[in-house]
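Enquirer: Chains as they are written, first to last, in numbering that gives the first Met the number 0: chain A, 0 to 318; chain B, 0 to 318; chain C, 0 to 318; chain D, 0 to 318.
4 protein chains.
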Amino acid sequence: MKNQTKEISGELDDLGFSSKYISKTQRLVNRDGSFNVDRKGLSFSDSFNLYHWLISIHWFKFIVFVTVSFLFVNFVFATLYYINGIENLGIPENVKNINAYWEAFFFSTQTLTTVGYGRISPVSTAANVIAAIESLLGLLVFAIATGLLYGRFSKPFAKIIYSKYALIAPFRDMTGFMFRTANRHKSQIIEAEVQVVFSRLEDVNGAELRKFYNIKLEYSKINFFSSVWTVNHPINEYSPLYGMTEEDMHHSEGEFLILLKGFDDTFAQTVHSRFSYRHDEIIWGAKFRNIHITDNDGKVSVALDKISDYDKTDIYINN
Amino acid sequence: MKNQTKEISGELDDLGFSSKYISKTQRLVNRDGSFNVDRKGLSFSDSFNLYHWLISIHWFKFIVFVTVSFLFVNFVFATLYYINGIENLGIPENVKNINAYWEAFFFSTQTLTTVGYGRISPVSTAANVIAAIESLLGLLVFAIATGLLYGRFSKPFAKIIYSKYALIAPFRDMTGFMFRTANRHKSQIIEAEVQVVFSRLEDVNGAELRKFYNIKLEYSKINFFSSVWTVNHPINEYSPLYGMTEEDMHHSEGEFLILLKGFDDTFAQTVHSRFSYRHDEIIWGAKFRNIHITDNDGKVSVALDKISDYDKTDIYINN
Amino acid sequence: MKNQTKEISGELDDLGFSSKYISKTQRLVNRDGSFNVDRKGLSFSDSFNLYHWLISIHWFKFIVFVTVSFLFVNFVFATLYYINGIENLGIPENVKNINAYWEAFFFSTQTLTTVGYGRISPVSTAANVIAAIESLLGLLVFAIATGLLYGRFSKPFAKIIYSKYALIAPFRDMTGFMFRTANRHKSQIIEAEVQVVFSRLEDVNGAELRKFYNIKLEYSKINFFSSVWTVNHPINEYSPLYGMTEEDMHHSEGEFLILLKGFDDTFAQTVHSRFSYRHDEIIWGAKFRNIHITDNDGKVSVALDKISDYDKTDIYINN
Amino acid sequence: MKNQTKEISGELDDLGFSSKYISKTQRLVNRDGSFNVDRKGLSFSDSFNLYHWLISIHWFKFIVFVTVSFLFVNFVFATLYYINGIENLGIPENVKNINAYWEAFFFSTQTLTTVGYGRISPVSTAANVIAAIESLLGLLVFAIATGLLYGRFSKPFAKIIYSKYALIAPFRDMTGFMFRTANRHKSQIIEAEVQVVFSRLEDVNGAELRKFYNIKLEYSKINFFSSVWTVNHPINEYSPLYGMTEEDMHHSEGEFLILLKGFDDTFAQTVHSRFSYRHDEIIWGAKFRNIHITDNDGKVSVALDKISDYDKTDIYINN
């Protein structure tokens, strides 16, 4: 019997946030989809992963990192060539106006990038050995740099947008929790799935504990996510929202965590998106405005800039 | 009870096309599998993704884009070398018949592609700095260009073909909706799955609304998709097609949306295909002709050019 | 009731091989896992995919293809340089012993691979233009070549081996169909799943039709596929094998199609393997010999070369 | 009835370890997640895969392998150039202080890496042919080397940590088996799933056989694996642990095999982790200490270095 009930009403789930959070926390999931939890007690090398960092940082930082690394490696090799003797680079007579160290530096850049003009080129064994090492290193380092660059460029991600507010609105002959989501990309997402977890503080034997519920959606999966999807949770007697008032929601610091995934046809990969609605981002008694327009030729279009538009309406709270 | 029925007869599903479409629309899914819905109200940068665009455009456009970019970057650097002074490129005496600007331009191409013949090569500090930047940029830009090129070349896609028409035909001791599909590639698709959604206009409280039904197939999954697969939907009393006549189908602007996926052994990835049959692409009272041939050695072959062949037959509409 | 039975006894499935095969066919799935069905009626361009071909052909063919393409492109460009005038390549005095056309050819190879020694280098506008095009082309073509090379090298595949014969053997207090499979790689396969389809000719209204059954396994999934897995199908009253004798099996041209998949930890991808046992590759009345050895330290090892070893035993056919 | 029970209490599963292990074995899964089973009877080429090896070996070994290969190929080509005649490399007058063989060697490195300074460059047909082959080979070999390098660098893996001990602790109004796990990376894992298999020796008709059970978890899946997850198995009457004492556990050589997987947002791929708790790594009668801290701003953090901390407590064994 207990199983049956759980399946219908939404499973309690500790989500990895632990149910031992004390009350009055900040939001659990930031609006950009990242988790609002700090990890402590780990050494830098325990938690740091260079690839993770390089694939995730902002483009500007990435370009600075590449440039600085390029300069650094060239300064190291330029210094080696310089110490080894600039005369071993066979600089011809017509190149007179450049400082000897910079000659070595530019020779290094020509070797690392494998341009190898050859006007400057190693003429001693030692210089040749350094140059051979540098060109091998150059090929391998640029393998990683270019892999990262393309990896960043082609990284699959969903440009999913959500309505600014979630609504508590009349739904069929009862009340529902609903929000709207859309794919901003021109790509086509198929087999889209959404999961919603509701979290609130509850009084358990006198202590305020944070509890989590998987809430049941009218449709949690659609085969074709072509434009806008209105996700609905009917607030029936199995719902943890059943009987809650707006004040209850604020008082228990309710938050809805959204997880959306689907197969993106262009990236040929599954993409994920996360979002969250906090208790103060919910409108009680409102319905979304229709944003589908059909023109005279029967062509349908959808106004994505109006995805958050709603009209106030009456609701009643189930008791 | 309602749940039980829904599971058997096909779930109602809003599909992201919204059920609020007014009547007389164009087809929902184009025959190439793209969705026939426009997205409006987004700025260019909101909906545009460079990678998406570059991986999806036609090969001809892609080659033009690469060529134009290559020319553009070289003109920029050629201009820089030219402004900096053509004498700093150390052009030897035997190259006399080329215009100075073009010398700079060709030097730029040799640097960007890292060919670096060296007959022309930087002899001043400024020219060396520009050349070093260009060769670094060249490596990084070609990283993206070559990644894209290979990404386009190796992009997994299914070359799935469908019969031109879907048929309403006798099926076991009742009537069925059926179409044929085949894998045109030599690759082998395993664990193929097909999902069919039926959509039509319905009268709901006087308004014509578009409704969607997942319809139940005899087999929705086959382990080995070796050649031709005839997909069947038995029109029993749980089917939304039950009792519909050909006129009903046209009048309600029925459309069948097809989603097929499977694991392609050569690409080592899951491939997807979409298709749709509109009410005027359905033949009432017809059976597909057998296209399997077994030769004298017992070797089976299948004539894929005859995939749409059918013979007229009698059907009766269930009431 | 019908549904219940089907779930227990194995679903009938048309598998894409069509149930309309006439009798006395060759085997359905070759021992290397490819399907034994020809596709006809398609033009070459309909069924051919260059990437598919290049990623699948034998290494020897691939190397020949790359070499021939390399020679071909260089001959084309060598001819262009030659027609344009060999004097425009600025060949220095000390290179006298090479034929002019071959000079152009070697210059072309140096440009295409971006080695660009520079002893030969373009000194006219036209030669420079051709060289710029060739170096750009070289970068792009090698992008595809190297991508393919690495794609072939890193292509995930399972080195799954199967016992040479499947056995009909005593199993618990009844009879079972069983075969053994093992992972030959040092990699670790997790979440391995196996599906077995049984096919035979059946008399349907006087015509011999080929039928397919998904047969039910004792365990169709194991979390850790560490060494050897003995896959069992208990022949109970729901099994299509129930009551069949060895003669029935031969007469109905029975064949077992095997599909195995799992997540390979090293490739970080799902790998697939296919196999088939034909009626004449089944031993009636035999049990597999134990091939696990535990040494004195309690270390377990498995003798994979003995995977097909069996001992004859008595069985009785259920009626 | 039997099926019903199995579904609730955990399925018996042979895991590919075979149930025919004799008693007193070493642990089944090493703490690094690898399987403790040897494969024998295979030839080297049967079980060896070069890609597998190159992607899995330690970074130090990989760098040594690349360096040695680079030297080897260059020595081969240097010897060819040397045999062909060092005078065909057109070494200019100003390079006098290098041994002729080493000249050939350095020319080879410049060709293989496509640096191609050009001070040394082929001036005979034979030398040109060798150089053309070497530059083509260089491009192809570096394609694999750089692919491998980036493949190793970007290989998705989970940095999952586990509590040092698993605990048998009071859970709700009964007893539970529990352990703690956390994601050490800054990345975010979503849709994490854990599967636990319990294995022990059992007396079957007088022989001690190793048996495997999938044990049922309170929650086997969490949508957001943000920080720490305490995995619980309630020891109710359906559990194979029901009624077992600490002595039983030691005597039957119990071991818990853990399989965790989830989607890593940064790698955009599913990552896997394996672990195992042996009978002597289980604390009977202990509870995990809370490691969540909420600061004054309501910001939650978690002390991952304290993941194994526990307090002793009383338990009772169900009978």
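Ideal Cβ placement from N, Cα and C applies to all residues, glycine included.
Every value quoted in this text rests on a predicted model; they were computed, and no experiment measured them.
Give me, in chain order, the residues of the same chain whose beta-carbon lies closer than 6 Å to that of Lys163 of chain C; leave out the 5 immediate sequence neighbours on both sides.
Expert: Here residue 163 of chain C refers to the residue found at position 164 when the third sequence is read from its first residue. So the list reads Ser307, once near-sequence residues are dropped.
Enquirer: Check each candidate in B:Ala157, B:Phe64, B:Ile82 and B:Val63 and name the one with the smallest Cα separation from Ala267 of chain A.
Expert: One-based indexing of the first sequence puts residue 267 of chain A at position 268. Per the Cα distances, B:Ala157.
Enquirer: Just how far apart, CA to CA, sit Glu254 of chain D and Leu259 of chain C?
Expert: For this step, residue 254 of chain D is matched to residue 255 along the fourth sequence. For this step, residue 259 of chain C is matched to residue 260 along the third sequence. Cα-Cα distance, rounded: 27 Å.
Enquirer: By alpha-carbon positions, which one of C:Gly32, C:Val36 and C:Glu246 ends up nearest to Asp294 of chain B?
Expert: Numbered from 1 along the second sequence, position 295 holds the residue referred to as residue 294 of chain B. Ranking the options by Cα distance to Asp294 of chain B, first place goes to C:Val36.
Enquirer: Count the other C-beta atoms from every protein chain shown that fall within 10 angstroms of the C-beta of Asp296 of chain B, then say buried if there are 16 or more, exposed otherwise.
Expert: Start at 1 with the first residue of the second sequence, and residue 296 of chain B comes out as number 297. The residue in question, Asp296 of chain B, is exposed, as its Cβ has fewer than 16 Cβ neighbours within 10 Å.
Enquirer: Determine, using beta carbons only, whether Ser259 of chain A comes closer than 8 Å to chain D.
Expert: As a working note, residue 259 of chain A is residue 260 in the first sequence. First, the residue type needs correcting, since residue 259 of chain A is Leu and not Ser in the sequence shown. It does not: the Cβ of Leu259 of chain A has no partner Cβ on chain D nearer than 8 Å.
Enquirer: By alpha-carbon positions, which one of A:Ile82, A:Gly261, A:Tyr276 and A:Phe211 ends up nearest to Ser186 of chain A?
Expert: The sequence position of residue 186 of chain A within the first sequence is 187, counting from 1. The residue with the shortest Cα to Cα distance from Ser186 of chain A is A:Gly261.
Enquirer: Can you say whether Pro28 of chain B is buried or exposed, counting buried as having 16 or more other CB atoms within 10 angstroms of its CB?
Expert: Within the second sequence, the letter at position 29 stands for residue 28 of chain B. Checking the displayed sequence, the identity of residue 28 of chain B turns out to be Val instead of Pro. Buried is the call here.
Enquirer: Do the CB positions of Tyr161 of chain C and Phe274 of chain C come within less than 8 Å of each other?
Expert: For the purposes of this step, residue 161 of chain C is taken as residue 162 along the third sequence, with counting starting at 1. For the purposes of this step, residue 274 of chain C is taken as residue 275 along the third sequence, with counting starting at 1. Yes. Within cutoff.
Enquirer: Any residues in the segment 196-217 of chain C with a beta carbon nearer than 8 Å to a beta carbon of chain B? Which ones, in chain order?
Expert: Listed in sequence order: Val196 and Asn213.
Enquirer: Distance check for Gly115 of chain D and Phe106 of chain A, CA to CA, integer angstroms please.
Expert: Numbered from 1 along the first sequence, position 107 holds the residue referred to as residue 106 of chain A. Numbered from 1 along the fourth sequence, position 116 holds the residue referred to as residue 115 of chain D. When rounded, the distance between both Cα atoms is 13 Å.
Enquirer: Beta-carbon of Asn222 of chain A versus every beta-carbon of chain B: anything under 8 Å?
Expert: Stepping through the first sequence from its first residue, residue 222 of chain A is reached at position 223. Yes, Asn222 of chain A counts as interfacial toward chain B.
Enquirer: Does the beta carbon of Gly40 of chain C sit closer than 8 Å to a beta carbon anywhere in chain A?
Expert: In the third sequence, the residue the question calls residue 40 of chain C occupies position 41. Answer no: the Cβ-Cβ gap between Gly40 of chain C and chain A never drops below 8 Å.
Enquirer: Hey, how far is the Cα of Tyr149 of chain C from the Cα of Pro233 of chain D?
Expert: Numbered from 1 along the third sequence, position 150 holds the residue referred to as residue 149 of chain C. Numbered from 1 along the fourth sequence, position 234 holds the residue referred to as residue 233 of chain D. For Tyr149 of chain C and Pro233 of chain D, the distance between alpha carbons rounds to 48 Å.
Enquirer: Output, in chain order, the set of chain C residues within a Cβ distance shorter than 8 Å of Gly117 of chain A.
Expert: Position 118 of the first sequence, counting from 1, holds the residue named residue 117 of chain A. Going along chain C in sequence order, the residues near Gly117 of chain A (Cβ under 8 Å) are Tyr116 and Gly117.
Enquirer: Less than 8 Å separating the beta-carbons of Asn231 of chain B and Glu217 of chain B?
Expert: Here residue 231 of chain B is taken as the residue at index 232 of the second sequence, counted from 1. Here residue 217 of chain B is taken as the residue at index 218 of the second sequence, counted from 1. Yes, these two residues count as a Cβ contact at 8 Å.
Enquirer: Give the straight-line distance between the Cα atoms of Leu53 of chain B and Val227 of chain A, rounded to the nearest whole angstrom.
Expert: In the second sequence, residue 53 of chain B corresponds to position 54, counting from 1. In the first sequence, residue 227 of chain A corresponds to position 228, counting from 1. Rounded to whole angstroms, Leu53 of chain B to Val227 of chain A spans 25 Å at the Cα level.
Enquirer: List the residues that DSSP assigns as beta-bridge partners of Arg179 of chain B.
Expert: Reading the second sequence from its first residue, position 180 is the one you call residue 179 of chain B. Answer is B:Thr229, bridged to Arg179 of chain B.
Enquirer: Measuring only the C-alpha atoms, how far is Val65 of chain B from Asn73 of chain B?
Expert: Against the second sequence, residue 65 of chain B aligns to sequence position 66. Against the second sequence, residue 73 of chain B aligns to sequence position 74. Taking the straight line from one Cα to the other gives about 12 Å.
Enquirer: Just grab the DSSP bridge partners of Gln268 of chain A for me.
Expert: The residue given as residue 268 of chain A occupies position 269 in the first sequence. A:Asp263.
Enquirer: Between the segment 117-129 of chain C and the segment 138-145 of chain C, do at least 3 Cβ pairs fall closer than 8 Å?
Expert: Counting Cβ pairs under 8 Å, fewer than three are found: no touch.
Enquirer: For Leu135 of chain D versus Thr112 of chain C, is the C-beta distance shorter than 8 Å?
Expert: By one-based count along the fourth sequence, residue 135 of chain D stands at place 136. By one-based count along the third sequence, residue 112 of chain C stands at place 113. A contact, by the Cβ cut-off of 8 Å.
Enquirer: Could you compute how far the alpha carbon of Gly84 of chain B sits from the alpha carbon of Ile189 of chain A?
Expert: Taking the first residue of the second sequence as position 1, residue 84 of chain B is located at position 85. Taking the first residue of the first sequence as position 1, residue 189 of chain A is located at position 190. Roughly 57 Å separates the two Cα atoms.
Enquirer: For Ser300 of chain C, report the span of its alpha helix (DSSP H) as first-last.
Expert: Taking the first residue of the third sequence as 1, we reach residue 300 of chain C at position 301. Careful: Ser300 of chain C lies outside any alpha helix (DSSP H), inside the beta strand (DSSP E) at Val299 to Ala302.
Enquirer: With 8 Å set as the bound, which would you pick, yes or no: does the beta-carbon of Ala142 of chain C sit closer than that to a beta-carbon of chain B?
Expert: By one-based count along the third sequence, residue 142 of chain C stands at place 143. With 8 Å as the cut-off, Ala142 of chain C counts as an interface residue toward chain B.
Enquirer: Is the beta carbon of Tyr50 of chain C less than 8 Å from the beta carbon of Phe152 of chain B?
Expert: To locate residue 50 of chain C, count along the third sequence from 1; it is residue 51. To locate residue 152 of chain B, count along the second sequence from 1; it is residue 153. Yes. Within cutoff.
Enquirer: Any idea what DSSP makes of Met243 of chain B, helix, strand or coil?
Expert: Reading the second sequence from its first residue, position 244 is the one you call residue 243 of chain B. DSSP places Met243 of chain B in coil when its eight states are reduced to three.
Enquirer: Hey, how far is the Cα of Tyr309 of chain C from the Cα of Lys286 of chain C?
Expert: Along the third sequence, one-based indexing puts residue 309 of chain C at 310. Along the third sequence, one-based indexing puts residue 286 of chain C at 287. The alpha-carbon atoms of Tyr309 of chain C and Lys286 of chain C are separated by roughly 5 Å.
Enquirer: Please report how far the alpha carbon of Tyr276 of chain B lies from the alpha carbon of Gly205 of chain B, in whole angstroms.
Expert: As a first step, residue 276 of chain B is located in the second sequence; it is residue number 277 there, counting from the start. As a first step, residue 205 of chain B is located in the second sequence; it is residue number 206 there, counting from the start. Going by the C-alpha atoms only, they are around 27 Å apart.
Enquirer: So Ser68 of chain A packs on Gly89 of chain A, CB below 8 Å; how close in whole Å?
Expert: Position 69 of the first sequence holds residue 68 of chain A. Position 90 of the first sequence holds residue 89 of chain A. Actually they do not touch by this definition, with Cβ atoms about 28 Å apart.
Enquirer: Just the Cα atoms here: how many angstroms apart are Ser46 of chain D and Asn182 of chain C?
Expert: Translated into the one-based positions of the fourth sequence, residue 46 of chain D becomes position 47. Translated into the one-based positions of the third sequence, residue 182 of chain C becomes position 183. Rounded to the nearest angstrom, the two C-alpha atoms are 9 Å apart.
Enquirer: Distance check for Phe59 of chain D and Ser44 of chain A, CA to CA, integer angstroms please.
Expert: Numbered from 1 along the first sequence, position 45 holds the residue referred to as residue 44 of chain A. Numbered from 1 along the fourth sequence, position 60 holds the residue referred to as residue 59 of chain D. C-alpha separation (whole angstroms): 18 Å.
Enquirer: Spell out the partners DSSP gives Asn213 of chain B in its beta bridges.
Expert: As a position in the second sequence, residue 213 of chain B is number 214, starting the count at 1. In the DSSP output, where bridge partners are listed per residue, Asn213 of chain B has B:Val196.
Enquirer: Please name the residue, chosen from B:Ser33, B:Ile290 and B:His250, that lies closest to Asp202 of chain B on a Cα-to-Cα basis.
Expert: In the second sequence, the residue the question calls residue 202 of chain B occupies position 203. Here the closest residue by C-alpha is B:His250.
Enquirer: For a cutoff of 8 Å on Cβ pairs, would you count Asn182 of chain B as touching chain A?
Expert: Here residue 182 of chain B refers to the residue found at position 183 of the second sequence. Cβ-Cβ to chain A under 8 Å: no for Asn182 of chain B.
Enquirer: Are the beta-carbon atoms belonging to Gln194 of chain B and Ser219 of chain B less than 8 Å from one another?
Expert: By 1-based counting over the second sequence, the position of residue 194 of chain B is 195. By 1-based counting over the second sequence, the position of residue 219 of chain B is 220. Yes.
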